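A.B. asks:
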Amino acid sequence: MSERTTSPGAEVLDPPPSLSGSAERPFSFPDRAAKHWLLSAIFWLTVVDLFGLVLATEFVAPEAFGGISWLSFSRIRPAHVSGVILAWLTMMYFGALFYMLPRLVGTRGLWSERLGVWCAWAWNVMYLLGIIGLLTGHSQGREYGEFIWPIDIALLVIWLACVVNILATVSLRTIRPIYVSVWFFIASPIWLAVDYAIGNVIWRPGNIWGAPSGALGGSLSDAMLNWWYAHNLFGLWLTPMLIAITYYMVPRITNTPLYSYTLSLISFWGMAFLYTGVGDHHILQSPTPSWLKTIAEVSSWALLIPVFAFTINILGTMKGNWDKFFTNLPLRFTLTAFFFYFLVNIQGAFEAIQPFNKLQHFTNFVVAHAHLALLGAFTILGMGVIDYIVAQVYKRPLWSRTLTEWQYWLVTVGFTGFFSVLTLAGFQQGFSWAEGIPEVNVLPQLHAYYIARGIFGAMIVLSGIVQIGNVVMTIFTDTNERRRRETLKVAEAVAPPLPG
Amino acid sequence: MADDDTRIEEETGTPRGWSPHPHERMLITPLVAGLGGLLAFFTVVFIVVWLPIHTFDPPASYDWTPLSDSAVKGRNLFAENGCYVCHSGYSRPQDVREALYFLYPKVSQPGDFYGSDQSPNLLGTERTGPDLSQESGWHPDDWQRAHFYDPRFVDPLSLMPAMKSLFSDTQIEHVITYVETRSGKSGLLRYAGQLYSKHVVTTNQGFTPAPTGFEGAHSKILEGNDKILSPPKDQLEEAPNLAQIDRGYWLSGDPLPVTEQNLLRGKEVFLQRCVGCHGIAGDGKGPGASFMSPAPADFTDADDACCGGDTGPGDFYYRILRGWPGTAMENFGDRLSVNDIWRVVLFVKTIPNHTLRKNVVPEPKDYIAWQPSKELVAWLKSRQQLTDNASFAKKQVTDPFLKEAMSVFPGLAPGDKFLLNDGKTPLSLKDAAAGIKAIYEDLLNRAWNEARARGDKLPDESQKLIPPTVPGQQ
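Protein sequences appear in the order of chains V and B. When you line the first sequence up against numbering that gives the first Met the number 0, it's residues 0 to 499, in that order. When you line the second sequence up against numbering that gives the first Met the number 0, it's residues 0 to 473, in that order.
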């Protein structure tokens with residue numbers, strides 16, 4: 000198993016030849032596309048966080064927004080869910096991908112930085128229109144596939160442009176062997192494009208401004224397709240990208256080669272084969288075929304194989320590097336996300352078996368689980384990635400480490416509280432329902448949980464805002480100059496200039 | 000090491016410290032990752048998507064019905080506005096218990112989702128509110144209108160967003176049609192029972208139809224028009240009302256003692272559940288009242304509360320337990336404990352003495368004991384004969400429409416036949432069964448015809464003729 004190379008960098012290929020011909024000139028990556036995607040992502044994070052806060056508020060006080068139709072719970076929730084996945088996380092992932100890919104395959108940038116920038120803008124506009132649609136009641140009414148048909152098509156066109164950009168960049172590579180992360184960078188966007196097209200039934204536009212549209216004719220067939228698709232948003236896009244980015248961040252920051260190549264193979268192919276079939280575990284209690292439920296249950300457990308492979312690989316890479324966990328903030332974000340990612344998979348496996356599913360199905364336990372993945376794992380990773388990449392592309396330290404610490408602790412404590420509260424609320428609901436207490440009678444019992452959820456949620460929103468502040472100040476302040484002054488001050492304190 | 004995280008990486012083509020992969024092990028090329036990944040993907044897609052969709056096609060269940068055009072419009076509005084995020088669309092095996100009969104009378108079957116008007120799926124992932132797959136017919140339309148306008152108008156505990164700003168008057172009628180006809184034949188039967196009862200109750204009390212859409216929000220609370228009524232002379236005026244209460248409750252007293260604790264608990268429950276319609280003063284002028292016909296009961300009249308033939312403790316208990324079909328009074332049988340219902344009944348009888356005022360603890364001295372009137376006792380005597388009073392036949396009632404009639408008019412004996420207070424409309428179990436059947440068949444035929452006109456996928460015509468079943472009929 001252990002193929003750890005003892006001499007990192009021994010076989011590193013030559014740096015790519017300079018385009019201008021003057022090999023001596025210091026080269027720097029353009030990273031224009033990465034900047035656009037990442038900075039949009041930070042903005043969307045706060046928007047979708049605020050959507051979440053509106054929802055949390057409405058759980059405590061349903062009249063809080065006094066009948067403004069576009070702030071109605073039922074419209075905001077799809078906007079919140081799709082916003083987290085397609086605006087915040089997807090933009091962050093593409094940003095990270097466009098930053099990492101040239102560095103991994105040895106090109107001087109993307110195949111087309113300009114296309115990357117255009118895609119970022121197009122994506123922002125597409126998403127904004129999609130959200131406006133949802134908030135004004137233009138929705139297909141399929142969970143995770145709410146966007147109306149024209150938005151679906153726009154999304155796919157932009158997505159395919161990104162795929163082309165990625166593949167063209169890979170084909171220009173100067174480092175022939177492609178690193179583990181790149182496998183996912185190639186496969187995952189393609190998977191998602193196909194998943195999105197099939198899952199949204201784009202060949203049946205129906206009523207393109209609302210429902211019924213983008214759905215199969217039969218209700219149960221549509222449900223099976225819907226949940227297969229919805230779970231693959233996580234299984235084939237969000238999760239593989241988390242793995243790819245972690246495979247970049249951890250070796251890069253710790254300056255350590257990846258622990259095992261074989262384990263990465265297992266995590267890649269395991270993901271490809273086992274994640275695609277778990278979707279039906281969302282509807283284990285529904286009148287759908289039992290054999291499909293069995294496949295979903297078995298795949299959900301078998302999924303632990305690639306998860307453990309990934310876990311061992313990262314822990315192996317971290318061996319001897321744990322001091323950096325405490326000193327390097329992007330790494331701390333990454334590993335915190337990695338821990339929550341491990342947890343969400345274990346939890347998910349148990350949720351996917353009938354006896355436990357019976358208890359927690361339809362309760363807030365599921366909501367807690369979803370946030371463990373999307374907030375605990377993907378979002379915390381994304382925050383670390385942005386802190387890391389912003390410092391790299393602007394070539395200056397972040398404006399304030401204290402703010403970054405605040406950002407970390409706000410999101411970590413906020414999320415942990417949020418998760419715990421919702422899990423407890425889920426048990427409260429599950430056990431109450433099992434006793435035959437109807438839903439509406441359980442609501443007053445949940446009030447305290449809902450208040451706590453709102454408070455923890457506010458911490459998470461605050462964390463995103465802290466990051467925006469920190470990033471903006473980094474962009475507009477010459478932090479290098481400040482650091483030089485500070486270093487000088489320390490140096491002078493230690494060794495004052497000689498008199499005279 | 001405070002600045003370790005902001006260290007700027009050296010920009011070379013290959014990341015420093017990158018482990019180069021040994022070439023002989025480089026099994027993954029971009030082609031393998033891309034095409035191999037897709038191959039793996041499609042293999043699984045074939046098994047978990049293509050196969051089930053092409054092999055799983057359950058026939059329509061006996062209970063299945065198509066949706067009318069209006070209901071389809073309502074269903075689309077339901078989907079477009081995200082109602083499914085809090086209301087699931089199927090009842091699971093573990094939902095169906097006796098205690099929750101009113102919510103989940105049956106487990107959803109694969110055949111209940113037959114047909115092409117059921118797209119997109121609305122199965123849902125989370126329940127904040129109840130499942131709605133079996134909702135049809137439990138509440139009359141006027142209750143639904145008030146509830147959609149602002150759910151707190153009829154259920155102060157609800158967390159549901161108010162729909163007043165989401166839907167127009169026409170749209171909300173479509174949504175209501177969808178909710179009232181989505182539960183298959185058993186739901187249509189219940190809804191037909193509601194509609195027939197509504198006809199009986201409004202005719203009997205001289206009420207005009209309730210305002211439609213959200214018009215109720217701006218209209219006055221309806222009042223019954225006694226002038227157009229001419230109750231038959233030899234008949235107890237409350238007789239039609241009593242027909243909707245099981246006879247066993249007509250003369251029953253409250254089993255709980257009139258104590259301060261019981262009254263206080265009754266007040267608490269009243270404030271939690273009842274004030275939306277019956278008002279914070281108990282005068283029947285709550286915010287939901289203007290949507291309703293008949294208007295909600297006024298409990299402030301000391302005289303009425305002690306003398307009416309259908310205002311005994313047992314009558315109140317039965318109406319809270321099972322609801323009053325035809326009025327907006329819904330059943331609380333699965334939400335309140337038996338003792339809590341009796342406590343509310345105790346408390347209601349103290350309202351004329353201003354016990355609903357803030358910081359007032361209702362005391363036993365405020366309680367107004369109910370005495371059956373002479374007329375009531377005489378009426379009961381005249382009706383309590385063995386002949387035609389109860390069915391002692393061995394053969395059980397199998398006609399679903401008669402069963403539904405017995406369910407909405409539990410106080411009617413098989414031989415009972417009298418006129419409503421308008422002096423001309425007859426009321427008997429047979430009339431009710433025929434009326435309910437006519438409404439049911441009208442609803443069903445309209446839905447079938449409209450589905451056929453839409454070109455929907457329909458089962459064989461014989462499915463339509465299978466009579467509705469009453470799941471879990473007690």
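Note that beta-carbon positions come from the ideal geometry of N, C-alpha and C, so glycine has one too. Just so it is clear, the structure is predicted and the values come from calculations on it, not from any experiment.
At the 9 Å Cβ level, is Ile319 (chain B) part of the contact set with chain V, yes or no?
C.D. replies: The residue given as residue 319 (chain B) occupies position 320 in the second sequence. With 9 Å as the cut-off, Ile319 (chain B) does not count as an interface residue toward chain V.
A.B. asks: In this structure, does DSSP put Glu125 (chain B) in helix, strand or coil?
C.D. replies: Translated into the one-based positions of the second sequence, residue 125 (chain B) becomes position 126. Strand at Glu125 (chain B).
A.B. asks: My output table needs one value for Asn479 (chain V): the three-state DSSP class, helix, strand or coil.
C.D. replies: By one-based count along the first sequence, residue 479 (chain V) stands at place 480. In this structure, Asn479 (chain V) counts as helix in the three-state DSSP scheme.
A.B. asks: Would Tyr449 (chain V) and Ala424 (chain V) be called neighbours here (beta carbons separated by less than 9 Å)?
C.D. replies: Counting from 1 along the first sequence, the entry for residue 449 (chain V) is found at position 450. Counting from 1 along the first sequence, the entry for residue 424 (chain V) is found at position 425. The answer is yes: Cβ separation under 9 Å.
A.B. asks: Check for me: the alpha helix (DSSP H) holding Ile131 (chain V) runs from which residue to which?
C.D. replies: Here the question's residue 131 (chain V) lines up with position 132 in the first sequence. Per DSSP, Ile131 (chain V) belongs to the alpha helix (DSSP H) from Glu112 to Leu134.
A.B. asks: If you reduce the DSSP assignment to three classes, tell me which class Leu188 (chain B) lands in.
C.D. replies: Against the second sequence, residue 188 (chain B) aligns to sequence position 189. Correct three-state label for Leu188 (chain B): helix.
A.B. asks: So, with DSSP's three-state summary, where would you put Pro256 (chain B)?
C.D. replies: As a first step, residue 256 (chain B) is located in the second sequence; it is residue number 257 there, counting from the start. It is coil, neither helix nor strand.
A.B. asks: Once DSSP output is grouped into helix, strand and coil, what is the label at Pro239 (chain B)?
C.D. replies: Here residue 239 (chain B) corresponds to residue number 240 of the second sequence, with the count starting at 1. Here Pro239 (chain B) sits in helix by DSSP.
A.B. asks: Answer yes or no: do Asn80 (chain B) and Gly144 (chain V) have a C-beta to C-beta separation smaller than 9 Å?
C.D. replies: Position 81 of the second sequence, counted from the start, is the residue given in the question as residue 80 (chain B). Position 145 of the first sequence, counted from the start, is the residue given in the question as residue 144 (chain V). Not closer than 9 Å, so no.
A.B. asks: Any idea what DSSP makes of Pro21 (chain B), helix, strand or coil?
C.D. replies: On the second sequence, position 22 is the one that residue 21 (chain B) refers to. For Pro21 (chain B), the predicted model reports a pLDDT of 49, less than 50, meaning its position is unreliable; a value from the coordinates is still stated below. Correct three-state label for Pro21 (chain B): coil.
A.B. asks: According to the neighbour-count rule (16 or more other Cβ atoms, all chains shown, within 10 Å of its Cβ), is Ser135 (chain B) buried or exposed?
C.D. replies: Within the second sequence, numbered from 1, the residue matching residue 135 (chain B) stands at position 136. With 16 or more Cβ atoms within 10 Å of its Cβ, Ser135 (chain B) is classed as buried.
A.B. asks: Is it true that the CB of Ser87 (chain B) sits closer than 9 Å to the CB of Val106 (chain B)?
C.D. replies: Position 107 of the second sequence holds residue 106 (chain B). Position 88 of the second sequence holds residue 87 (chain B). Contact: no.
A.B. asks: So, helix, strand or coil for Phe408 (chain B), using DSSP?
C.D. replies: Indexing the second sequence from 1 puts residue 408 (chain B) at position 409. Three-state DSSP puts Phe408 (chain B) in coil, outside helix and strand.
A.B. asks: In the structure shown, what three-state DSSP assignment does Leu264 (chain V) receive?
C.D. replies: Translated into the one-based positions of the first sequence, residue 264 (chain V) becomes position 265. Looking at Leu264 (chain V) - three-state DSSP - the assignment turns out to be helix.
A.B. asks: Quick check on Asp322 (chain V): buried or exposed, where buried means 16 or more other Cβ atoms within 10 Å of its Cβ?
C.D. replies: Taking the first residue of the first sequence as 1, we reach residue 322 (chain V) at position 323. Burial call: exposed.
A.B. asks: Of the residues B:Val343, B:Gln143 and B:Asp94, which one's Cα is nearest the Cα of Gly325 (chain B)?
C.D. replies: The residue you call residue 325 (chain B) lines up with position 326 of the second sequence. With distances taken between Cα atoms, Gly325 (chain B) lies closest to B:Gln143.
A.B. asks: Can you check whether the CB of Asn261 (chain B) is closer than 9 Å to the CB of Leu228 (chain B)?
C.D. replies: Counted from its first residue, the second sequence places residue 228 (chain B) at position 229. Counted from its first residue, the second sequence places residue 261 (chain B) at position 262. No, Cβ-Cβ distance for Leu228 (chain B) and Asn261 (chain B) is not below 9 Å.
A.B. asks: I need the straight-line Cα distance from Ala308 (chain V) to Ile265 (chain V), nearest angstrom please.
C.D. replies: Residue 308 (chain V) sits at position 309 when you count from the first residue of the first sequence. Residue 265 (chain V) sits at position 266 when you count from the first residue of the first sequence. C-alpha separation (whole angstroms): 6 Å.
A.B. asks: Looking only at its chain, what residues have a beta carbon closer than 8 Å to the beta carbon of Gly212 (chain B), apart from the 5 residues adjacent to it on each side?
C.D. replies: Counting from 1 along the second sequence, the entry for residue 212 (chain B) is found at position 213. Arg144, Ser167, Asp168, Thr169, Ile171 and Glu172.
A.B. asks: With respect to the alpha helix (DSSP H) encompassing Phe206 (chain B), which residues constitute its N-terminal and C-terminal limits?
C.D. replies: As a first step, residue 206 (chain B) must be located in the second sequence, where it is residue number 207. Element bounds for Phe206 (chain B): n/a, residue is neither H nor E.
A.B. asks: I'd like to know whether the C-beta of Phe361 (chain V) is nearer than 9 Å to at least one C-beta of chain B.
C.D. replies: The count along the first sequence starts at 1 and reaches residue 361 (chain V) at position 362. So, interface residue.
A.B. asks: Touch check for the stretch 431-450 of chain B and the stretch 63-77 of chain B: three-plus C-beta pairs under 8 Å?
C.D. replies: The stretch 431-450 of chain B vs the stretch 63-77 of chain B: in contact.
A.B. asks: Work out the CA separation of Arg76 (chain V) and Gly8 (chain V) for me, nearest whole Å.
C.D. replies: Taking the first residue of the first sequence as position 1, residue 8 (chain V) is located at position 9. Taking the first residue of the first sequence as position 1, residue 76 (chain V) is located at position 77. The predicted position of Gly8 (chain V) is uncertain, since its pLDDT is 38 and thus under 50; a value taken from the coordinates is nonetheless stated next. Cα to Cα, the separation comes out at about 48 Å.
A.B. asks: Within the stretch 320-396 of chain B, note down every full beta strand (DSSP E) run reaching 3 residues or more, in order along the chain.
C.D. replies: Qualifying beta strand (DSSP E) stretches: none in this window.
A.B. asks: Just confirm the distance between the C-beta atoms of Gly265 (chain B) and Leu345 (chain B), as a whole number of angstroms; I'd bet it's less than 8 Å.
C.D. replies: Translated into the one-based positions of the second sequence, residue 265 (chain B) becomes position 266. Translated into the one-based positions of the second sequence, residue 345 (chain B) becomes position 346. Confirmed, about 5 Å.
A.B. asks: Within 9 Å (strictly less), CB to CB, does Cys82 (chain B) reach chain V?
C.D. replies: In the second sequence, residue 82 (chain B) corresponds to position 83, counting from 1. At least one chain V Cβ lies under 9 Å of Cys82 (chain B).
A.B. asks: For Leu464 (chain B), name the three-state secondary structure that DSSP assigns.
C.D. replies: By 1-based counting over the second sequence, the position of residue 464 (chain B) is 465. In this structure, Leu464 (chain B) counts as helix in the three-state DSSP scheme.
A.B. asks: Taking the alpha helix (DSSP H) that Gln170 (chain B) falls in, what are its first and last residues?
C.D. replies: Locating residue 170 (chain B) in the second sequence gives position 171, counting from the first residue. Note, Gln170 (chain B): alpha helix (DSSP H), Asp168 to Thr180.
A.B. asks: Take Asn469 (chain V) as the anchor and find which of V:Met458, V:Ala494 and V:Thr403 has the nearest alpha-carbon.
C.D. replies: Taking the first sequence and counting its residues from 1, one reaches residue 469 (chain V) at position 470. Comparing Cα-Cα distances from Asn469 (chain V) to each of V:Met458, V:Ala494 and V:Thr403, the minimum goes to V:Thr403.
A.B. asks: Does DSSP put Lys418 (chain B) in a helix, a strand or coil?
C.D. replies: Within the second sequence, residue 418 (chain B) is the residue found at index 419, counting from 1. Residue identity check: residue 418 (chain B) is Leu in the sequence provided, not Lys. Strand at Leu418 (chain B).
A.B. asks: Can you tell me whether Thr65 (chain V) is buried or exposed, with buried defined as 16 or more other CB within 10 angstroms of its CB?
C.D. replies: Here residue 65 (chain V) refers to the residue found at position 66 when the first sequence is read from its first residue. The sequence shown places Gly at residue 65 (chain V), not Thr. Gly65 (chain V) comes out exposed.
A.B. asks: Closer than 8 Å: is that where the CB of Val469 (chain B) sits relative to any heavy atom of the ligand GDP?
C.D. replies: With respect to small molecules bound, the structure shown includes none, and the ligand GDP cannot be examined in it.
A.B. asks: Give a yes or no on contact between the stretch 80-91 of chain V and the stretch 365-381 of chain V, applying the rule of three or more CB pairs nearer than 8 Å.
C.D. replies: They touch, by the three-pair rule.
A.B. asks: Using 9 Å as the threshold, is the C-beta distance between Val465 (chain V) and Leu49 (chain V) below it?
C.D. replies: Stepping through the first sequence from its first residue, residue 465 (chain V) is reached at position 466. Stepping through the first sequence from its first residue, residue 49 (chain V) is reached at position 50. No, the Cβ-Cβ distance between Val465 (chain V) and Leu49 (chain V) is not below 9 Å.
A.B. asks: Could you tell me which chain V residues have their CB closer than 9 Å to the CB of Val268 (chain B), listed as they occur along the chain?
C.D. replies: As a position in the second sequence, residue 268 (chain B) is number 269, starting the count at 1. None at all; the shortest Cβ gap to chain V is about 12 Å.
A.B. asks: Leaving aside the five residues before and after Phe418 (chain V) along the sequence, list all residues of the same chain whose C-beta is less than 7 Å from its C-beta, in chain order.
C.D. replies: In the first sequence, counting from the first residue as 1, residue 418 (chain V) sits at position 419. Correct list, in chain order: Ala367, His370, Leu371 and Gly375.
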